[in-house]
Amino acid sequence: MPARLPDWELRLAGLIAQRLPVPFSWGDNDCVLFAADCVAALHGGDPAGAWRGQWHDESTAIRALARQGGLQAAVQAHAAAMGWPEVPPLFAQRGDLVLHRRDGADALAVCTGPALAAPSEGGLLFFGLDHGVVAWRV
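Dropping the structure here:
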């Protein structure tokens, strides 16, 4: 598992503060790309570089992720390649990725410590760790 940057806490907090008012937008500030931006704040680089530009609405996102076996399979494969162990969602820590079900669909969130954060139409939405299905220690 790659080491976190020395200033990862400040970088993650800054990104979350910046995204607080930013509404959900497919292909720009959706759950996958927000999670990838948070991982980049922790480790540097862009874990979603190959996915950026692959979708611009819900249907193109579903098709792009379906080619990877779905969101959960895509994240599991990337997590395994990166050495990120799977953990129970209630044990997620700050910066970890958490898959949750929102309106019957899988979505990604990032653990902020006591809560999960994910983009919504009104900006970042915070909700409990108990909404998680699976988490990865990033």
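One point on numbering: in this note's numbering, the residue at position 77 of the sequence shown is 105, and numbering is uninterrupted. Using N, Cα and C, we set each Cβ at its ideal position, and we do this for glycine too.
So is residue i buried or exposed if we call it buried at 16+ other beta carbons inside 10 Å?
i      : result
Pro49  : exposed
Ala171 : Any answer about residue 171 is impossible in this case: the structure gives the chain only from 29 up to 166.
Trp147 : For the record, residue 147 in the displayed sequence is Pro; it is not Trp. Buried.
Alpha carbon to alpha carbon, what distance is there between residue j and residue i?
i      : j      : result
Ala143 : Val115 : 16 Å
Pro34  : Leu43  : 16 Å
Arg32  : Ala120 : 16 Å
Asn57  : Pro30  : 25 Å
Apart from the five residues just before and just after residue i, which ones in its own chain have a Cβ nearer than 8 Å to its Cβ?
i      : result
Leu118 : Leu157, Asp158, Gly160
Phe61  : The amino acid at residue 61 is misidentified as Phe; the sequence shows Leu. The residues are Gly55, Ala76, Trp79, Arg80.
Three-state secondary structure (DSSP) at residue i?
i      : result
Val138 : strand
Arg91  : helix
Check whether the segment 129-137 touches the segment 69-83, counting contact only when three or more Cβ pairs, one atom from each stretch, lie closer than 8 Å. At 8 Å Cβ cutoff, the stretches do not touch.
How do the segment 155-163 and the segment 108-122 stand: do at least 3 beta-carbon pairs fall below 8 Å, yes or no? yes
On the three-pair Cβ rule with 8 Å, is the segment 65-72 touching the segment 94-102? no
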